[in-house]
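Have a look at the structure below, then the notes.
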């Protein structure tokens, strides 16, 4: 299970073999370390004892810190996890040769297919309910499919040569995708189009918060697989930027976050906002929904597996790919 | 698997100790000396050995009873205490 700490002034401590969560000095929850998978702290003014940290590390429980906007800023992981040199060395070398091209294209290919599938997933109910919107969505879908055909043709010897072309293609499809999302949520809620950091409207805020949770999940998976979350391919290096996390997240954004947010909006959820931020209740229900989604089984490699497991499997797959032991295929969710 | 852990212990200190350990294993306190919760084969064995070690030669009676899902579905309870969190929930 995952523990979310989101009340100002909470404190985390240890008692026997349990993590104790207190609010204003009152015990509000006790969680055996054995049952915990990760702890997410997404508010300010929380204190945590070193005993609790030590015990979490010994049980391999990551402690994630996020701002109330869903912007991850720190993560505690056991030191032992950074000891995998062979994978790390190859990961960094891969940036300079054709492996970087293959994997960057795989990430974006996965993302595009998932975008198309997500739109199809929501559009199939529209077909009869709202034929007018549906025909617009269908038109955009066709166009997206056309543009996507350009991806396999992009060739280069290292990712630096193709980054511009790939990103442009991704951007064009992205625009059409958000246009579709706008149509699919129309009438339910105001969605001004996709905005990234610092968005003040409910839908973008929910998306950003969701991506924050996903980023933590993805980063944990990458670290557990022995990869360096900073050594990306498609996203350019910049100090402090977890490029590989952003790269790897691409194929999971739609199936994990977008689907949940769009579904919530379509079911008539009314996200509450305080000072341009989601309020605590909305954050809680959204994170619950996303965690439920992460527990949902999907078909992958011929088996039904939980999305969470798929993320872990894919992270290991990247490690074997950079070591030159196997190919990398992105995860594509069904519609 | 659902389990009941039932104990009779007179010594206060020892009883608190057992109480804490049951909570460490994620069990819920449902009656004064009864815990209930999910434990797999390994965790149940682990709990048993741990309790056995702590008790040593002191006076105590502890029973760990696994209950199958079908039977737990037939569970009935009466609770007229207002205190929350003491409900026996079947899974």
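Residue numbers (my numbering), protein chains in the order written: chain A, 805 to 1139; chain B, -13 to 77.
Using N, Cα and C, we set each Cβ at its ideal position, and we do this for glycine too.
Bear in mind the structure is a predicted one, so any value in this text is a computation, not a measurement.
Asked, Found
"Candidates B:58, B:0, B:20, B:-13, of which the one nearest residue 43 of chain B by Cα", "B:0"
"Within chain B, the residues that residue 820 of chain A reaches when beta carbons sit closer than 8 Å", "6, 7, 9, 10"
"Proximity of residue 896 of chain A and residue 1106 of chain A at Cβ, strictly below 8 Å", "no"
"Beta-ladder partner(s) of residue 1082 of chain A, from DSSP", "A:1077"
"Beta-carbon proximity check, residue 875 of chain A vs residue 1055 of chain A, cutoff 8 Å", "no"
"Three or more C-beta pairs below 8 Å linking the segment 1078 to 1092 of chain A and the segment 1011 to 1027 of chain A", "yes"
"For residue 1137 of chain A, the nearest candidate out of A:1109, A:981, A:833 (CA to CA)", "A:1109"
"Alpha helix (DSSP H) segment containing residue 28 of chain B, residue limits", "27 to 41"
"Supposed contact pair residue 834 of chain A and residue 9 of chain B - C-beta distance, whole angstroms, cut 8 Å", "6 Å"
"Chain-order list of residues whose beta-carbon lies under 8 Å from that of residue 855 of chain A (same chain, five-residue window excluded)", "817, 818"
"7 Å Cβ shell around residue 997 of chain A - same chain, five flanking residues per side excluded", "982, 986"
"Contact with chain B by residue 1096 of chain A, beta-carbon distance below 8 Å", "no"
"Contact list for the segment 837 to 857 of chain A against chain B, Cβ threshold 9 Å", "837, 838, 839"
"Cβ distance (whole Å) where residue 1031 of chain A is taken to contact residue 890 of chain A below 8 Å", "Their Cβ separation, rounded to whole angstroms, is 11 Å, which puts residue 1031 of chain A and residue 890 of chain A out of contact at 8 Å."
"Helix, strand or coil at residue 1171 of chain A according to DSSP, with G and I counted as helix", "Chain A is shown only over 805 to 1139; residue 1171 of chain A falls outside these bounds and no answer can be derived."
"Beta-carbon proximity check, residue 984 of chain A vs residue 944 of chain A, cutoff 8 Å", "yes"
"First and last residue of the uninterrupted beta strand (DSSP E) at residue 822 of chain A", "822 to 827"
"Cβ of residue 834 of chain A within 8 Å of any chain B Cβ", "yes"
"Other residues of its chain near residue 828 of chain A: CB distance less than 7 Å, five sequence neighbours each side excluded", "813"
"Cβ-based neighbour list, residue 1069 of chain A, same chain, cut-off 6 Å, excluding 5 preceding and 5 following", "989, 992, 993"
"For residue 1043 of chain A, three-class secondary structure by DSSP", "coil"
"Alpha-carbon spacing of residue 1009 of chain A relative to residue 1049 of chain A, whole angstroms", "20 Å"
"Test item: CB-CB of residue 1086 of chain A and residue 1076 of chain A under 8 Å", "yes"
"Same chain, Cβ closer than 6 Å to residue 809 of chain A, five either side skipped, listed in chain order", "845, 850"
"Euclidean distance between Cα positions of residue 1027 of chain A and residue 864 of chain A", "12 Å"
"Exposure label - residue 870 of chain A; buried when at least 16 CB within 10 Å", "buried"
"C-alpha gap between residue 923 of chain A and residue 942 of chain A, whole angstroms", "9 Å"
"Option in B:59, B:60, B:57, B:-5 with minimal Cα separation from residue 20 of chain B", "B:-5"
"Cutoff 8 Å; reference residue 892 of chain A; Cβ partners in own chain excluding five residues on either side", "1030, 1031, 1032, 1035"
"Candidates A:1004, A:1059, A:1063, A:1064, of which the one nearest residue 1104 of chain A by Cα", "A:1059"
"Three or more C-beta pairs below 8 Å linking the segment 1121 to 1139 of chain A and the segment 906 to 913 of chain A", "yes"
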